[in-house]
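Asks: Numbering (the numbering used here), first residue to last: 601 to 875.
The beta carbon of each residue, even a glycine, is placed where N, CA and C say it ideally should be.
Remember, predicted model here, so these are calculated numbers, not experimental data.
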Amino acid sequence: MSRSEVAVSLKPSGGEGTVAGLDVVHQTEMIKPHIGYMSQKFSLYEDLTVEENIDFYGGIYRIPRHKKTERKEWVLRMADLTQHRQSLTGTLASGWKQRLALGCAVLHEPPIIFLDEPTSGVDPLSRRGFWSLIYELADSGVTVFVTTHYMEEAEYCDRLGLIYRGALIAVGTPGELKTKYMHDTVIDVGCERPQEAMEILADLPEIKEAALFGKGLHLVAEETGGAVSAVRNALQEHGFEFYRVEKIRPSLEDVFVSLIEAHDREQRAQREVKR
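Encoded structure:
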């Protein structure tokens, strides 16, 4: 927590929940020793050294004196920060800061940790290294909850919950989400002027949904053969050059887009009924 932040306890407006078997409303203080938390915004003290930050959080978590040195050295090794122990935290690159923040979050050996978009703003190489640390923690028996906007990162998790407009719309393993919630065919299209092509292809009767995907398009169709032929023919008829029109295995992004499209259609239908 930074110096400018104030801790505020907000009671839930409804519902119930438990963390580590403890009630989130009535046993809040008992939960704290069992969890670690790393915020999206870097919240350690930038004017302290790496070692001083670890020492500070060791005091906050009331780590016994005889274990403080052992835990500090473990964090430095785990995060590969031994050579930076005397560096001012504010001078570290973002990837190293994230490692330090994770180390401080697990300093007291919590069985559960919450990571709020931990790799936001981190370069791809540092992101990969950070996920290696998460894997190590998970392998040691720690339960890790991660929020992320990166669908390729979500693939790394054992179990996913997809949230849209504050609602949990699907839960399962990556494989389950791709099979249970994605019965349609996904067609990958590589062509010129994809934005313009999407407007044409979305109107084809064989196509249920169309979305930009990288430099191309992903189309959702109920039937493969006819849909692929229809897409090729439409592109040719409208003078679009294309170099790829093929069925692919759906990605989590395809699943998410398909689910939110279905959710929005259902909401529109319900509004029409009420009218």
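Nearest to His713 by CA position, among Thr743, Gly721, Arg685, is which residue?
Replies: One detail in the question is off: residue 713 reads as Ile in this sequence, not His. It is Thr743.
Asks: Ignore the nearest five residues each way along the sequence and tell me which others in Ala827's own chain have a CB closer than 7 Å to its CB.
Replies: Within its own chain, the residues whose Cβ lies closer than 7 Å to the Cβ of Ala827, once the five positions on either side in sequence are excluded, are Thr785, Ile787, Glu806, Ile807, Ala821, listed in chain order.
Asks: Rounded to the nearest angstrom, what separates Ala701 and Arg871 at their Cα positions?
Replies: Straight-line Cα distance between these residues: approximately 46 Å.
Asks: I think Arg759 touches Thr773, with their Cβ atoms under 8 Å apart; what is that distance to the nearest whole Å?
Replies: Correct: roughly 6 Å between the Cβ atoms.
Asks: Roughly how many whole angstroms lie between the Cα atoms of Thr649 and Lys632?
Replies: 25 Å
Asks: From Ser858 to Val771, what does the alpha carbon distance come to, in whole angstroms?
Replies: 14 Å
Asks: Measuring alpha carbon to alpha carbon, tell me which of Asp739, Phe745, Arg849 ends up nearest Glu717.
Replies: Phe745
Asks: Is it buried or exposed for Ser851, if we count other Cβ within 10 angstroms and need 16 for buried?
Replies: Taking a 10 Å sphere around the C-beta of Ser851, we find 16 or more other C-beta atoms and assign the residue as buried.
Asks: Assuming Glu651 contacts Arg685 (C-beta within less than 8 Å), just tell me the rounded distance between them.
Replies: 4 Å
Asks: If the criterion is Cβ atoms closer than 8 Å, does the pair Met678 and Leu725 meet it?
Replies: No, these two residues do not count as a Cβ contact at 8 Å.
Asks: Going by alpha carbons, who is nearest to Ser829 out of Arg868, His666, Thr689, Leu801?
Replies: Leu801
Asks: Label His749 either buried or exposed according to how many other C-beta atoms from any shown protein chain fall within 10 Å of its C-beta, with 16 as the threshold for buried.
Replies: exposed
Asks: Tell me, which residues are paired with Ala862 by DSSP?
Replies: None, per the DSSP bridge assignment.
Asks: Under 8 Å, do Phe840 and Ala797 count as touching if we go by C-beta distance?
Replies: yes
Asks: Can you tell me whether Ile660 is buried or exposed, with buried defined as 16 or more other CB within 10 angstroms of its CB?
Replies: exposed
Asks: Measure the Cβ-Cβ separation of Gly615 and Ala705 and say whether it is below 8 Å.
Replies: No, the Cβ-Cβ distance between Gly615 and Ala705 is not below 8 Å.
Asks: To the nearest angstrom, how far is it from the Cα of Glu646 to the Cα of Leu681?
Replies: 15 Å
Asks: Keeping to the same chain, check which residues put their C-beta closer than 6 Å to that of Glu853; ignore five residues upstream and five downstream.
Replies: Cβ neighbours of Glu853 beyond the five flanking positions: Met751.
Asks: Along the beta strand (DSSP E) that carries Leu768, what are the first and last residues, could you check?
Replies: 767 to 772
Asks: For Ile663, I'd like the list of residues in its chain whose CB is within less than 8 Å of its CB, leaving aside the five on either flank, ordered along the chain.
Replies: Arg671, Leu707, His708
Asks: As a quick exercise: from Gly729, Glu837, Pro710, pick the residue whose alpha carbon is nearest that of Thr719.
Replies: Taking only the C-alpha atoms, the option nearest Thr719 is Gly729.
Asks: Exposed or buried, which one is Met782 when buried takes at least 16 other CB atoms within 10 Å?
Replies: buried
Asks: Who does Gly636 pair with in a DSSP beta bridge?
Replies: Gly636 is bridged to Ile713.
Asks: Please give me, in chain order, every unbroken run of the alpha helix (DSSP H) with length at least 4 that falls completely inside the stretch 643 to 727.
Replies: 650 to 660, 665 to 678, 694 to 705
Asks: Measuring alpha carbon to alpha carbon, tell me which of Ala620, Val625, Val619, Gly621 ends up nearest Ser613.
Replies: Per the Cα distances, Val625.
Asks: Beta-carbon separation of Val789 and Gly814 under 8 Å?
Replies: No, they are not a contact pair.
Asks: Any idea if His818 is buried or exposed, counting beta-carbon neighbours within 10 angstroms, 16 or more meaning buried?
Replies: buried
Asks: With 16 other CB atoms within 10 Å as the buried threshold, where does Asn653 fall?
Replies: buried
Asks: From the DSSP output, read off the bridge partner residues of Arg844.
Replies: Gly790
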